[in-house]
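So the sequence shown is numbered by my numbering: it starts at 1 and just counts up by one. In this text, a Cβ means the ideal position worked out from N, Cα and C, and glycines have one as well. Remember, it's a predicted structure, so these values are computed and weren't measured experimentally. Here is the structure we will look at.
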Amino acid sequence: MKTVCALLTFQPFDSSRVLAGRTLESWLTEALERSLPGVARHSLGPFGSASELIAALEALSQGYDELVIVGADCPFLRSDVLSEMLVLHREYRADFTFADGYPVGLTCEILRPAILSILSAWAAERSGPVERETLFELLSVDINRFDVETQLSPIDLRVRRLNLTAGVRRDFVLLERYAGDVALGTEAFLQRIEATQERSRTLPATLHVQITDGVLQVPVWSPLPQFVPDALERRGMLSRQRWNDLLDRALAWAGDLTVLPSFWGEPSLHPEVGGLLSDALGKPGLKLCVETSGLGWRQVDLASLAAQAAGRIDWVVELDSDLAETYKAMRGEGFDEAHSFVRRLLPLFPGHVWPQTVRMNTNEEEMEGFHKHWKEEAGRVIIQKHNDFGGRLPRAKPSDLSPWKRHPCWHLARDLSVFLDGTVVVCRDDFARTQPLGNAWTENPAVLWERGTPLWRQHVNEQWPEVCRNCDEWYTFHF
Ligand code: SF4
Numbered sequence: 001m002k003t004v005c006a007l008l009t010f011q012p013f014d015s016s017r018v019l020a021g022r023t024l025e026s027w028l029t030e031a032l033e034r035s036l037p038g039v040a041r042h043s044l045g046p047f048g049s050a051s052e053l054i055a056a057l058e059a060l061s062q063g064y065d066e067l068v069i070v071g072a073d074c075p076f077l078r079s080d081v082l083s084e085m086l087v088l089h090r091e092y093r094a095d096f097t098f099a100d101g102y103p104v105g106l107t108c109e110i111l112r113p114a115i116l117s118i119l120s121a122w123a124a125e126r127s128g129p130v131e132r133e134t135l136f137e138l139l140s141v142d143i144n145r146f147d148v149e150t151q152l153s154p155i156d157l158r159v160r161r162l163n164l165t166a167g168v169r170r171d172f173v174l175l176e177r178y179a180g181d182v183a184l185g186t187e188a189f190l191q192r193i194e195a196t197q198e199r200s201r202t203l204p205a206t207l208h209v210q211i212t213d214g215v216l217q218v219p220v221w222s223p224l225p226q227f228v229p230d231a232l233e234r235r236g237m238l239s240r241q242r243w244n245d246l247l248d249r250a251l252a253w254a255g256d257l258t259v260l261p262s263f264w265g266e267p268s269l270h271p272e273v274g275g276l277l278s279d280a281l282g283k284p285g286l287k288l289c290v291e292t293s294g295l296g297w298r299q300v301d302l303a304s305l306a307a308q309a310a311g312r313i314d315w316v317v318e319l320d321s322d323l324a325e326t327y328k329a330m331r332g333e334g335f336d337e338a339h340s341f342v343r344r345l346l347p348l349f350p351g352h353v354w355p356q357t358v359r360m361n362t363n364e365e366e367m368e369g370f371h372k373h374w375k376e377e378a379g380r381v382i383i384q385k386h387n388d389f390g391g392r393l394p395r396a397k398p399s400d401l402s403p404w405k406r407h408p409c410w411h412l413a414r415d416l417s418v419f420l421d422g423t424v425v426v427c428r429d430d431f432a433r434t435q436p437l438g439n440a441w442t443e444n445p446a447v448l449w450e451r452g453t454p455l456w457r458q459h460v461n462e463q464w465p466e467v468c469r470n471c472d473e474w475y476t477f478h479f
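Next up, the structure:
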């Protein structure tokens, strides 16, 4: 059996970086030498497209019977799991073998190089960035066509969504927290991970920033009237200097972030919104997600933002309905302008425009049509579950999709939210500021984040503070 190994990189990273006294490269080399002694290893990537990925794998695996694929940023690769996967792959003469239920970074993928020519055609039709899941997503186009084997984790940790990889800083922190446990056998290591959930809140991924406290509409699903009754008249604005200062400090600390400038306000109301978004796009490592009613954007130069964005800005346009009558009942005036805005965005930001509806009893019958229409026209759509904000709004969701067992909230693990006056809370749902973490204009982001740790511990111990008790947003997350 002739085997070759590809070490894939998905984003630039430094393999000479030191983790617990050793370079990342030496961690990985040791694991590979134990499980694949004498097998040639080649570094590939990052890739600009899925086609590039498949072409590189095809070129590398010419003349080989099997291709083992590992992430170059996975210092905790388990050599015993890799060896078991090779046995499985060979015994069942599989086309593709993957692992399920493990944290990302502990396992590999193995494929028969002959299937790459099939994937090549599918890759040509796939747009968007190349990520760790891209290969599996390509196979999933018609997975029944292949003989696929699965290595199941003895402990199913899927729900934890853990990344034991070195690609971004928040995951590197997790590696540091577990470096002392890696010497355990795989099952004991997984048990340790399962028993130490308090370690998994590392650094935030999502930063909500209120750039204005005014809105142009108050949808029926919004709790705004409860805490800003005059939101339609308000026009408080965040200064450009504060915006840049906050983003620079947060980015320097967290390493990468997705920023949502729509925190309890309509971003288009900010007179400098184009400049704010452009400033943010000028900061490497930062992505934007703009949630908007789609109203008020006529004067903004979207074309120059598109030229600058290179896939780093997503637009979520709250439409709620494709029917003018329902739209008016749920949101008020603006049906034509909001729908035109989506059509203005689509050619400028292909693959990054998400028409959204909040699924409620009111529009339930329209869901299928809304989904079908925007899937066809925009390629993507968001059907958002109704949020009753822990009982502060009447319950209006037609069905309950929450997992049967409650886990610590994703927003607590991944978000920071900043009001116009600098007050920081963990999530959008704490609009009453019951759990303030401090002030973003006077304190440093690391200190503010650290103040969320006791709250996180409470969640890990299944103790829910008042604001969280009846909230059902804990299983949703942004980025
Ligand atoms: S449970 Fe709800 S209120 Fe509590 S942190 Fe999560 S989103 Fe916020």
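Who are the Cβ neighbours of V460 in its own chain at under 8 angstroms, not counting the five residues just before and after it? So the qualifying residues of the chain are Q197, E198, P408.
Can we count V460 as close to the ligand SF4, meaning its CB is less than 7 angstroms from some heavy atom? Not one heavy atom of the ligand SF4 lies closer than 7 angstroms to the C-beta of V460.
Beta carbon proximity, V273 to chain D, threshold 8 angstroms: Among the protein chains of the structure shown there is no chain D, as only one such chain exists.
With burial defined as no fewer than 16 other Cβ atoms inside 10 Å of the residue's Cβ, what is the status of W315: buried or exposed? W315 comes out buried.
In angstroms, rounded to a whole number, what distance separates the CA positions of Q241 and L319? The straight-line gap from Cα to Cα measures roughly 32 angstroms.
Using the C-alpha atoms, what's the distance from E368 back to P229? Going from the Cα of P229 to the Cα of E368 covers about 34 angstroms.
Sequence-ordered residues whose beta carbon comes within less than 6 angstroms of a heavy atom of the ligand SF4: The set, ordered by position in the chain, is C409, H411, L412, V426, C427, D429, D430, V467, C468, C471, E473, W474.
Pick from R331, A303, V173: whose alpha carbon is nearest that of T292? Nearest neighbour of T292 by Cα position, chosen from R331, A303, V173, turns out to be R331.
A440, DSSP secondary structure in three states: The answer is coil: DSSP assigns A440 none of H, G, I, E or B.
What does the Cβ neighbour count give for W404, buried or exposed, with the cut at 16 atoms within 10 Å? Taking all protein chains in view, the Cβ of W404 is surrounded by fewer than 16 other Cβ atoms within 10 Å, so the residue is classified as exposed.
Where are the alpha helix (DSSP H) runs, 4 residues long or more, that stay fully inside the region 336 to 372, in chain order? Taking only runs of at least 4 residues, no alpha helix (DSSP H) segment lies wholly in the region 336 to 372.
DSSP-derived helix/strand/coil call for Q308: Helix at Q308.
Alpha-carbon spacing of S16 relative to W27, whole angstroms: So the alpha carbons of these two residues sit roughly 10 angstroms apart.
According to DSSP, is N470 part of a helix, a strand, or is it coil? Residue state for N470 is assigned as coil, using DSSP reduced to three classes.
CA-to-CA distance, E443 to E364, given in whole angstroms: Taking the straight line joining both Cα atoms gives about 44 angstroms.
At what residues does the alpha helix (DSSP H) containing H459 begin and finish? It spans 453 to 460 - the alpha helix (DSSP H) in which H459 sits, taken as one unbroken run.
Touching or not, the region 160 to 172 and the region 96 to 114, by the rule of three or more beta carbon pairs under 8 angstroms? In short, these stretches touch, since the Cβ pair count reaches three.
Taking the alpha carbon of P481 as the point to measure from, which residue in R359, L246, A183 has its own alpha carbon closest? A query on residue 481 cannot be resolved here, the shown segment of the chain reaching from 1 to 479 and no further.
Among the candidates R249, L269, K287, whose CA atom is the shortest distance from the CA of E260? The question names Glu, but residue 260 in the sequence shown is Leu. When R249, L269, K287 are compared, the shortest CA-CA separation from L260 is found for K287.
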